[in-house]
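Down below is the structure, laid out as structure tokens.
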Amino acid sequence: MTMIDEQTLRDALNAAANEFEVSDDAIARILDAASGDEPEQSVTRVRKVVPESRRVRAVIFVAAALVLVTAIAIPLRRSESPQSIHIAGNVAPHRLSGTSTGGQGVAVPSPVYLKSPSKGVTLTGSGFVGEPKIESNGYVYLTVGVGKVPNAIVQLTALVEKDHGYVESSQAQVGSNTARSFATGVVVLEVPEPTFAHFVSQVQTVGHPTSVNTTSNNVTSQYVDLQSKITAANVSLHQYFVIMTRATTIGGILAVQNQINAIQNEIQQDEGQLKALNSETTYSALTVHLTSGAHHRVSGPRTGFKKAWHDSVRGFVAGFQWLLRLAGPLLFALLMLGVMYVLFRAGRRALLRRRLQ
Amino acid sequence: MKGSTSVDDLATWLEEGYPQSVRTAYLILGNRPDAEDAVQEAFLRAWKFRNALAKESSFKPWLYRVVVNACNSKLRQEIPHRNRRTDDQHLSSVQSTVEAVDHFATATDVASALRDLPDHLRVVIALRYYADLSERDIALAIGRKPGTVKSRLNEARRRLANHPALRDDGDNAVSNEEITG
Chain A
769 MTMIDEQTLR DALNAAANEF EVSDDAIARI LDAASGDEPE QSVTRVRKVV
819 PESRRVRAVI FVAAALVLVT AIAIPLRRSE SPQSIHIAGN VAPHRLSGTS
869 TGGQGVAVPS PVYLKSPSKG VTLTGSGFVG EPKIESNGYV YLTVGVGKVP
919 NAIVQLTALV EKDHGYVESS QAQVGSNTAR SFATGVVVLE VPEPTFAHFV
969 SQVQTVGHPT SVNTTSNNVT SQYVDLQSKI TAANVSLHQY FVIMTRATTI
1019 GGILAVQNQI NAIQNEIQQD EGQLKALNSE TTYSALTVHL TSGAHHRVSG
1069 PRTGFKKAWH DSVRGFVAGF QWLLRLAGPL LFALLMLGVM YVLFRAGRRA
1119 LLRRRLQ
Chain B
71 MKGSTSVDDL ATWLEEGYPQ SVRTAYLILG NRPDAEDAVQ EAFLRAWKFR
121 NALAKESSFK PWLYRVVVNA CNSKLRQEIP HRNRRTDDQH LSSVQSTVEA
171 VDHFATATDV ASALRDLPDH LRVVIALRYY ADLSERDIAL AIGRKPGTVK
221 SRLNEARRRL ANHPALRDDG DNAVSNEEIT G
């Protein structure tokens, strides 16, 4: 790159700049203008604004640290709060269920409880005492070891009886225990609704769950509607009976009798629906699909080196997840600090410039 | 120089620094009246804020910072409204220095090329090669980093070397070639 010689430049500038004489009058004018001029105190004011003391720098540092910690902590707290789970149908007020996974070997989370399930539904005569009526059902796909479908059915039966439920139906096709043959089974289990979620989690221990789906519907409003209709119909029926006692003509008696029959039919239908609803909310159905796979082996509880290795891998993954979660807030905090630094530099430079002008 | 409080001290400042300051301002601004105005303003401003000098590490860069700021104010506010080229005290009117410069480039050519440089490059050239400030002191004077000063100096020298007024003299004007980068 071609550049002009420094000495040449220096000489030329000296020659150009020294071509005139500096007058002494200018110096005298400056001295006259400056005489009696007190030093400007605004420098102190500027220095108060411009943070140059250790105390102010410490405050700025603490503020920056607070911004950093806040920026990291708030998103992390949000990410650690309970996440909403999609639930099919109406949301049961006392339980969140409806987790669903698919695919072989995927860990299936157990249903999430917000508080203890209700202690059963109390229905006295035609009265409803206020417990929510929850209708729950679901299905679980389990893979068990080769030839272990019958054993799994036995285990499921034991589990359901332990929870005071019953086996509604059971179906199994058991083949020979060769590598190419598979055994399948479908068991429909009915368990008391309050223990349903707990039962679903227990069922998953029988084999390796590949898919879990539970649905809960709050049918309290339907239940209350039916009860109201039955009560109103009974009142109406009673009134028709009173009218019947006062009827004197054949035509009148027949007309009232027709009305009574219609109302009684309506009451019977509603009571039938109420019973069905009561049955559905008292017991929940869980359909368990059993599959015996030659390539799958149900793993027992890990111990020793196996457990240590598993814990180590899980810890590594968890640490990596933590780092990834931290990266977002950290980048945001660094961005904010960068903006603050740029603003601080710009403000400081502007103040210094103003001070010198 | 630090902690000066009396007018006598200002007189000392002026005796030591005024001539060189006004000539530096002349190189930056391109005409003498503006240079004298700017330096007068600069000295009065420096005197007004002389308390700030107590915390500065060096007097010379501090004073030149004030001078450069005053020159920049002039460049921003006043000079665009003037017809600089018709001024008889213009840099390009320097004719008597040709004999004084016993080198390849004439003062007139360099002055003409200097006038065509952007303001920020002209400032660093004047401070470095006339006021004889180091790159670090120039950085303090213009409020930039030394690396920026070095870059601007290189850019200014490159532009001067490529300026037509200096290239017309061919080999005489550009006496040194450096291969950089």
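Those protein sequence lines, which keep their order, are chains A and B.
Residue numbers for the first sequence follow our numbering, beginning at 769 and rising by one.
Residue numbers for the second sequence follow our numbering, beginning at 71 and rising by one.
Think of the CB as a built atom: it goes at the ideal place given N, C-alpha and C, for glycine as much as any other residue.
Quiz item: Should V980/A and L957/A be called a contact, given that it needs their Cβ atoms to be closer than 8 Å?
Solution: Taking the first sequence and counting its residues from 1, the one referred to as residue 980/A is at position 212. Taking the first sequence and counting its residues from 1, the one referred to as residue 957/A is at position 189. Between V980/A and L957/A, the gap from beta carbon to beta carbon reaches 8 Å or more.
Practice problem: Indicate whether Q972/A and V908/A have their beta-carbon atoms separated by less than 8 Å. | Solution: Mapped onto the first sequence, residue 972/A falls at position 204. Mapped onto the first sequence, residue 908/A falls at position 140. Between Q972/A and V908/A, the gap from beta carbon to beta carbon is short of 8 Å.
Quiz item: Would you report the Cα separation of V193/B and A785/A, rounded to the nearest angstrom?
Solution: Taking the first residue of the second sequence as position 1, residue 193/B is located at position 123. Taking the first residue of the first sequence as position 1, residue 785/A is located at position 17. If you draw a straight line from the Cα of V193/B to the Cα of A785/A, it comes to about 14 Å.
Quiz item: Does F788/A come within less than 8 Å of chain B when only Cβ atoms are used?
Solution: On the first sequence, position 20 is the one that residue 788/A refers to. For F788/A, the closest Cβ of chain B is nearer than 8 Å.
Self-check item: Proximity winner among R198/B, A211/B, D202/B, A112/B, relative to N224/B (alpha-carbon distances)
Solution: On the second sequence, position 154 is the one that residue 224/B refers to. It is R198/B.
Exercise. Compare the Cα-Cα distances from I1035/A to each of Q1007/A, A1000/A, T1055/A and report the closest residue.
Key: Indexing the first sequence from 1 puts residue 1035/A at position 267. Taking the Cα of I1035/A as reference, the smallest distance to any Cα among Q1007/A, A1000/A, T1055/A is reached at A1000/A.
Practice problem: Pull up the distance between the alpha-carbon of D202/B and that of A826/A, whole angstroms please. | Solution: The residue you call residue 202/B lines up with position 132 of the second sequence. The residue you call residue 826/A lines up with position 58 of the first sequence. Each residue's Cα considered, the two are about 39 Å apart.
Exercise. Could you tell me if P977/A is buried or exposed, where buried requires 16 or more neighbouring beta carbons within 10 angstroms of its beta carbon?
Key: Taking the first residue of the first sequence as position 1, residue 977/A is located at position 209. Burial is judged here by how many other beta carbons sit within 10 angstroms of a residue's own beta carbon; P977/A has at least 16 and is buried.
Quiz item: Among the residues of its own chain, which have a CB less than 7 Å from the CB of T911/A, if the five just before and after it don't count?
Solution: In the first sequence, counting from the first residue as 1, residue 911/A sits at position 143. Around T911/A: G975, H976, T978, T1059, G1061, H1064.
Quiz item: Can you tell me whether F1112/A is buried or exposed, with buried defined as 16 or more other CB within 10 angstroms of its CB?
Solution: Residue 1112/A sits at position 344 when you count from the first residue of the first sequence. Classification for F1112/A: exposed.
Self-check item: Separation of H932/A from Q963/A, as counted between CA atoms
Solution: Locating residue 963/A in the first sequence gives position 195, counting from the first residue. Locating residue 932/A in the first sequence gives position 164, counting from the first residue. The amino acid at residue 963/A is misidentified as Gln; the sequence shows Thr. Approximately 9 Å between the Cα atoms of the pair.
Quiz item: Per DSSP, what kind of secondary structure is Q941/A in: helix, strand or coil?
Solution: On the first sequence, position 173 is the one that residue 941/A refers to. Here Q941/A carries a strand assignment [DSSP, helix/strand/coil].
Quiz prompt | Segment limits, alpha helix (DSSP H) that includes A780/A | solution = The residue labelled residue 780/A in the question sits at position 12 within the first sequence. Here the alpha helix (DSSP H) through A780/A covers 774 to 785.
Quiz item: With a Cβ-Cβ cutoff of 8 Å, do V743/A and L1054/A count as a contact?
Solution: Beyond the ends of chain A as shown, which are 769 and 1125, falls residue 743/A; an answer cannot be given.
Quiz item: Rounded to a whole number of angstroms, what is the C-alpha to C-alpha distance between V1085/A and W1077/A?
Solution: As a working note, residue 1085/A is residue 317 in the first sequence. As a working note, residue 1077/A is residue 309 in the first sequence. Rounded to whole angstroms, V1085/A to W1077/A spans 12 Å at the Cα level.
Exercise. Counting only runs of 4+ residues fully inside the region 197 to 224 of chain B, write out the alpha helix (DSSP H) ranges in chain order.
Key: Within the region 197 to 224 of chain B, the complete alpha helix (DSSP H) runs of at least 4 residues are 205 to 212.
Quiz prompt | Where the region 773 to 788 of chain A meets chain B: residues whose CB sits under 9 Å from a CB there | solution = Among the residues of the region 773 to 788 of chain A, those with a Cβ less than 9 Å away from any Cβ of chain B are D773, E774, Q775, T776, L777, R778, D779, A780, L781, N782, A783, A784, A785, N786, E787, F788, in the order of the chain.
Exercise. Note down the Cα distance separating V109/B from L1102/A, rounded to an integer number of angstroms.
Key: One-based indexing of the second sequence puts residue 109/B at position 39. One-based indexing of the first sequence puts residue 1102/A at position 334. Roughly 44 Å separates the two Cα atoms.
Quiz item: Is there at least one Cβ from chain A nearer than 8 Å to Q147/B's Cβ?
Solution: Here residue 147/B refers to the residue found at position 77 of the second sequence. Taking Cβ atoms only, chain A never reaches closer than 8 Å to Q147/B, which makes this a no.
Quiz item: Closer than 8 Å, CB to CB, is Y134/B near chain A or not?
Solution: Taking the second sequence and counting its residues from 1, one reaches residue 134/B at position 64. False, the Cβ-Cβ gap to chain A never drops below 8 Å.
Quiz item: Based on Cα-Cα distance, which residue from T925/A, V955/A, G915/A lies nearest to S937/A?
Solution: Position 169 of the first sequence, counted from the first residue, corresponds to residue 937/A. Ranking T925/A, V955/A, G915/A by Cα distance to S937/A puts V955/A first.
Quiz item: Run through DSSP, which three-state label would P89/B get?
Solution: Along the second sequence, read from residue 1 onward, the residue named residue 89/B stands at position 19. DSSP places P89/B in the helix class (H, G or I) of the three-state scheme.
Quiz item: Between which two residues does the alpha helix (DSSP H) containing S791/A stretch?
Solution: In the first sequence, counting from the first residue as 1, residue 791/A sits at position 23. Unbroken run through S791/A: none, as it is neither H nor E.
Practice problem: Leaving aside the five residues before and after D1038/A along the sequence, list all residues of the same chain whose C-beta is less than 6 Å from its C-beta, in chain order. | Solution: Looking up residue 1038/A in the first sequence gives position 270. Closer than 6 Å at Cβ, skipping near neighbours: L994, K997, I998.
Quiz item: Got a sec, what are the start and stop residues for the alpha helix (DSSP H) P918/A sits in?
Solution: The residue you call residue 918/A lines up with position 150 of the first sequence. That run of the alpha helix (DSSP H) goes 917 to 930.
Quiz item: Cα separation between S803/A and R115/B?
Solution: Locating residue 803/A in the first sequence gives position 35, where the first residue counts as 1. Locating residue 115/B in the second sequence gives position 45, where the first residue counts as 1. When rounded, the distance between both Cα atoms is 13 Å.
Quiz item: How would you call R256/B, buried or exposed, if buried means at least 16 neighbouring beta carbons within 10 angstroms?
Solution: Coverage of chain B is limited to positions 71 through 251, which leaves residue 256/B absent and any answer about it impossible.
Exercise. With a 10 Å radius around its C-beta and 16 neighbouring C-beta atoms as the bar for buried, classify F829/A as buried or exposed.
Key: Within the first sequence, residue 829/A is the residue found at index 61, counting from 1. Counting Cβ neighbours within 10 Å, F829/A comes out exposed, since fewer than 16 surround it.
Self-check item: Bridge-paired residues (DSSP) for V912/A
Solution: Here the question's residue 912/A lines up with position 144 in the first sequence. The partner list for V912/A (beta bridge, DSSP) reads S1060/A.
Exercise. List the residues of chain A whose Cβ lies closer than 7 Å to the Cβ of L187/B, in chain order.
Key: Against the second sequence, residue 187/B aligns to sequence position 117. Ordered by position in chain A, no residue passes the 7 Å Cβ test against L187/B, which lies about 12 Å from the chain.
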